[in-house]
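This report concerns only the one structure given below.
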Amino acid sequence: MSVHLLSGGTGAQVPAHLTRIPISLISTSTNSKDKIVKGKVVHKGPLVSGSADSFILKIIIQEENPPTNASTQNISMNVVLFGALAKSFSQAVNQEDVVVASGFTVGKSPTVHKDKLHPCNLLLSGGDACIYVSRPPPPPPPAPRSLPASKRSSALSTEDSRAAKTPKYTYAHLDDLKAGSVVNVYGVVVFFKQPFKSRGTDYCSILKITDKSNKMIGCTIFCEKLEDHPKIFQVGDIVRMHRVKVQVFNNSVSLVNTFGFSVVTFDGAVGGAVEPRASSHKFSFSQEDQQTVEELRSWTASQAVIPSTPSAIPLSAVQPRAYFNLTCQLLAKAPIDTTCTLLRVWDGTRCPHTLLKVMVEPNVTEGPTSFSTERENLIANILVYDNHVEFAQQLKPGAFLRIYNLRSIPGSSKVPGLTSSQSEETDHLAFHLHGGTSYGRGIRVLPENSPDVQELKRVIEAFQEDEELLEIWSTPPESLDSEAVECSTERSCGHDMQPVTLSEVKQSRPGQVHHVRIQLRSYEPCRLYQALKLYCSKCTSIQDVPDDELLASVFSEASKDSDPCSPPPWVLSGPVSLPTDSPRFQNRALSVHLSTHLLSEGKSKELLFLMGSTLEETCQLAASYPNIVPVRSSGGRLALLDLSAPFLFRGRKRYYGCKRCSKAAVSELSVEGAEVIDEKMVAEALGVQLLQFVLLMKLELQDATDTLDVFLWRHAESFFSVSAEDVAANQEAQNSIRQTMDHLCPPGGSVGQRPWLDLCLTAYRVEGDGGQDQDQTCYQICHTTVIRPSSTLSDPA
DNA sequence: GGTTAGGGTTAG
Numbered sequence: 001m002s003v004h005l006l007s008g009g010t011g012a013q014v015p016a017h018l019t020r021i022p023i024s025l026i027s028t029s030t031n032s033k034d035k036i037v038k039g040k041v042v043h044k045g046p047l048v049s050g051s052a053d054s055f056i057l058k059i060i061i062q063e064e065n066p067p068t069n070a071s072t073q074n075i076s077m078n079v080v081l082f083g084a085l086a087k088s089f090s091q092a093v094n095q096e097d098v099v100v101a102s103g104f105t106v107g108k109s110p111t112v113h114k115d116k117l118h119p120c121n122l123l124l125s126g127g128d129a130c131i132y133v134s135r136p137p138p139p140p141p142p143a144p145r146s147l148p149a150s151k152r153s154s155a156l157s158t159e160d161s162r163a164a165k166t167p168k169y170t171y172a173h174l175d176d177l178k179a180g181s182v183v184n185v186y187g188v189v190v191f192f193k194q195p196f197k198s199r200g201t202d203y204c205s206i207l208k209i210t211d212k213s214n215k216m217i218g219c220t221i222f223c224e225k226l227e228d229h230p231k232i233f234q235v236g237d238i239v240r241m242h243r244v245k246v247q248v249f250n251n252s253v254s255l256v257n258t259f260g261f262s263v264v265t266f267d268g269a270v271g272g273a274v275e276p277r278a279s280s281h282k283f284s285f286s287q288e289d290q291q292t293v294e295e296l297r298s299w300t301a302s303q304a305v306i307p308s309t310p311s312a313i314p315l316s317a318v319q320p321r322a323y324f325n326l327t328c329q330l331l332a333k334a335p336i337d338t339t340c341t342l343l344r345v346w347d348g349t350r351c352p353h354t355l356l357k358v359m360v361e362p363n364v365t366e367g368p369t370s371f372s373t374e375r376e377n378l379i380a381n382i383l384v385y386d387n388h389v390e391f392a393q394q395l396k397p398g399a400f401l402r403i404y405n406l407r408s409i410p411g412s413s414k415v416p417g418l419t420s421s422q423s424e425e426t427d428h429l430a431f432h433l434h435g436g437t438s439y440g441r442g443i444r445v446l447p448e449n450s451p452d453v454q455e456l457k458r459v460i461e462a463f464q465e466d467e468e469l470l471e472i473w474s475t476p477p478e479s480l481d482s483e484a485v486e487c488s489t490e491r492s493c494g495h496d497m498q499p500v501t502l503s504e505v506k507q508s509r510p511g512q513v514h515h516v517r518i519q520l521r522s523y524e525p526c527r528l529y530q531a532l533k534l535y536c537s538k539c540t541s542i543q544d545v546p547d548d549e550l551l552a553s554v555f556s557e558a559s560k561d562s563d564p565c566s567p568p569p570w571v572l573s574g575p576v577s578l579p580t581d582s583p584r585f586q587n588r589a590l591s592v593h594l595s596t597h598l599l600s601e602g603k604s605k606e607l608l609f610l611m612g613s614t615l616e617e618t619c620q621l622a623a624s625y626p627n628i629v630p631v632r633s634s635g636g637r638l639a640l641l642d643l644s645a646p647f648l649f650r651g652r653k654r655y656y657g658c659k660r661c662s663k664a665a666v667s668e669l670s671v672e673g674a675e676v677i678d679e680k681m682v683a684e685a686l687g688v689q690l691l692q693f694v695l696l697m698k699l700e701l702q703d704a705t706d707t708l709d710v711f712l713w714r715h716a717e718s719f720f721s722v723s724a725e726d727v728a729a730n731q732e733a734q735n736s737i738r739q740t741m742d743h744l745c746p747p748g749g750s751v752g753q754r755p756w757l758d759l760c761l762t763a764y765r766v767e768g769d770g771g772q773d774q775d776q777t778c779y780q781i782c783h784t785t786v787i788r789p790s791s792t793l794s795d796p797a
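1 is the number of the first residue of the first sequence in the UniProt record's numbering; add one for each residue after it.
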């Protein structure tokens, strides 16, 4: 059981009585006694260590010069080494070394279907197993030859183990591929399809490559993960593939990835930086690779292998009735139906043809729902169909894309789900990414650092600067009186006043009302749930809404009070079980108290006093009982929880009381004449000063003259057209505020993207802590409502 | 444990 390094005549020798058996002829019935198998190591796996010195190492060897009697099929096979042999092999043997194995047994390869290699594998373990290594001669050293052959080490020197860590690869020429072999290749991409979902488990990439031999070779790459696929952006890119298997299909040679496959892609432009695009961080890349890429680039440029037409064209050069590739930025997107998604893109250039308008609901749009008029005119609406929809759904607005084989159709066609009057606009150019992958049809996200994206960003930024200039010159104060500017808000105050500038507002005395036409520059809090507050109308205090973590601790603290409790005479007490399927709630009976008065009214379940529950359990029960008041035992009596927690749960709504203004005590509720029990009745009965949910935000306004911080508070609910109580209880109301704010102040958007707003402001004096000198003028937005983003994505002109 | 695809336009 050992690894022997063969070195000319001086080292170990393969015993002469052993006879070689070609790899292709090995079967499970092979008698391995006195046999050897010889092959080149084309893959060396990692040394896998199990428990207590049990090592396993898997390699693939390939027949180098098959004897004439051997077939060319199955010339590559898996070899599994065990124990100390695996360990010393791992240290001593490099990829590309030629090895001879003896003392092996033959097993069925469990991975034959996956790696398409030999149906058998060689197993090397125990005392008979032996590996002889002959290293290929090193590449010719620079003249004069300075390294005598005798200097080459015949022992396993440290130099050898270092070499083992960075295997040197050899690359096959594309006109010299032997069927069944596993090879490494370099090639220039002459055709490619972005990875698409196969009918199996993997994504499939199709490419055709060529090299200096001028041979065209088709390649099929199957990988489950998209990132393991070649990152090809355009024809002319250069790929380096390791461990692809040569196959014959339809009488021509093709390549398929096999075990240990990896690929690195390079841009093919002469003179550009050689930057590898790889999925793995640890791929080999040497000076030789650099040279190979540069040589292939020059060769490609001299040979006209690649059509000289540009691989992508800008919107400004798009012809009707054409297929083309587009490099662009995604601004917004919206699903149309299950087979179609709308992508709104631009590349900063203006298409000479009028572009198709597509209407969609704003609440299904991801990204801004409207843009400046200038920008709207540059936006191309792309309808993406069928298999591309799934990929499109994962795209994020802002991403840079290349869309391959996009089709421009004049006159427009009907958009599914919309009536013809909504979508049909003759003489408009429509863009379709049809279903299927023919001609490489597909979408690819380009990285920010790619040269094409850098160029795209230059064009876009130049446009944005123009856009901002336009906005500044065409807006207030010059246009304050005009009706030309479309506004996203509406005043309902009824004041008959002309708008003034922010600088005029700042110079005015407090106590006045102003109309302004402004844009929203920024706002606080960015985390909109923090805008939700609790307000006491009695003491006018404002506090944050406690988070669930705090509430849970209040409940848990309250349930620790285990003093015996004598409930008041007007209650009936008993256990209640939680209406849930969840096993963790089982075996937990909570103590509940019902009002006998309500019982007599037939409304016993209308109001529950619940004791000893957790926050989670209380919420569970609140789904089934309309009013739940959490209680605890305190000094032998029934008491409310600390008022940091809600004193009442009504469905998903929670009601809080003011600690300062409440005189809380558990007492009986009078419901005479009342149809339903509401929070006000409960609060009154319990002596709780009910806190009100309010929205409080600080907005920074901007116009051509100045900026101004204003509050949105007392009129916040009508501004957003939502109730703060709803915001506290449901996600939809929260989303609605988020959408409104994203519309008024698009995240990452330029000033040109922010709509103009007509506001009514009140200015008032607020006493500072330090007396008269510290008085401040504050401003509040009042009597103003946001007009919900219009339901069209089209150019409003 | 093992297949997928194997370039060559949707038909909205």
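Every residue, glycine too, gets a C-beta built ideally from N, C-alpha and C. Since the structure is predicted, the reported quantities are computational estimates derived from the model, not experimental observations.
- For V37, the number of other beta carbons within 10 angstroms of its own is at least 16, and it is reported as buried.
- Cβ neighbours of L744 within its own chain (closer than 6 Å, five residues either side excluded): L520.
- DSSP places D678 outside any beta strand (DSSP E), giving it a letter other than H or E.
- Relative to A86, the option among V48, L638, G494 whose CA is nearest is V48.
- Rounded to the nearest angstrom, the Cβ distance from R738 to Q780 is 22 Å, too far for a contact under 8 Å.
- A straight-line Cα-Cα distance of about 42 Å links V453 and L695.
- Checking the DSSP bridge columns, you'll see T614 has no partner listed.
- A residue is called buried once 16 or more other Cβ atoms fall within 10 Å of its Cβ, and I238 is buried on that count.
- Just measuring C-alpha positions, the residue of D176, Q512, F233 sitting nearest F191 is F233.
- The alpha-carbon separation between Y132 and V305 amounts to approximately 45 Å.
- Residue range 287–303 is occupied by the alpha helix (DSSP H) that includes W299.
- Residue environment analysis places V766 among the exposed positions, since fewer than 16 neighbouring C-beta atoms fall within 10 angstroms of its C-beta.
- In the three-state DSSP reduction, C487 falls in the strand class (E or B).
- Pairing A716 with L686 gives a Cβ-Cβ distance that is not under 8 Å.
- Annotation: the continuous beta strand (DSSP E) that includes N381 extends over 380–385.
- Considered as a whole, the region 328–409 harbours 373–376, 387–393 as its complete alpha helix (DSSP H) runs of no fewer than 4 residues, in chain order.
- For Y323 and L315, the gap between their C-alpha atoms comes out near 12 Å.
- Per DSSP, L25 is not a residue of any beta strand (DSSP E), being assigned neither H nor E.
- A straight line joining the alpha-carbon of S613 with that of F555 spans about 7 Å.
- Rounded to whole angstroms, A733 and V727 show a C-alpha spacing of 5 Å.
- Per the DSSP secondary-structure output, G107 pairs in a beta bridge with N121.
- Annotation for A172: V183, N184, V185 place their beta carbon closer than 7 Å to its own, counting only its chain and skipping 5 residues before and after.
- Around the beta carbon of I542, fewer than 16 other beta carbons sit within 10 angstroms, so the residue counts as exposed.
- Counting only runs of 3 or more residues that sit fully inside the region 501–585, the beta strand (DSSP E) segments are 513–524, 532–535, 542–544, 571–576, in chain order.
- In this structure, DSSP gives K245 an extended state, which the three-state scheme calls strand.
- About 18 Å separates the beta carbons of F222 and N250, which is beyond the 8 Å limit, so they are not a contact pair.
- Looking from the CA of V264, the closest CA among V270, V274, L255 belongs to V274.
- Annotation note: the region 206–282 contains the following uninterrupted beta strand (DSSP E) runs of length 3 or greater, listed N- to C-terminal: 216–223, 238–249, 252–266.
- As the crow flies, the alpha-carbon of Y764 is around 5 Å from that of P510.
- G442 is bridged by DSSP to Y404.
- Here DSSP, grouped into helix, strand and coil, assigns V100 to strand.
- The beta-bridge partner set that DSSP reports for Y779 consists of A763.
- Non-local C-beta neighbours of V364 in its own chain, meaning closer than 7 Å and more than five positions away in sequence, comprise A334, P335, ordered along the chain.
- In the three-state scheme derived from DSSP, where H, G and I count as helix and E and B as strand, S54 is classed as coil.
- At the C-beta level, N121 and V80 come within 8 Å of one another.
- Ranking E64, H113, G103, S279 by CA distance to the CA of L177 puts E64 first.
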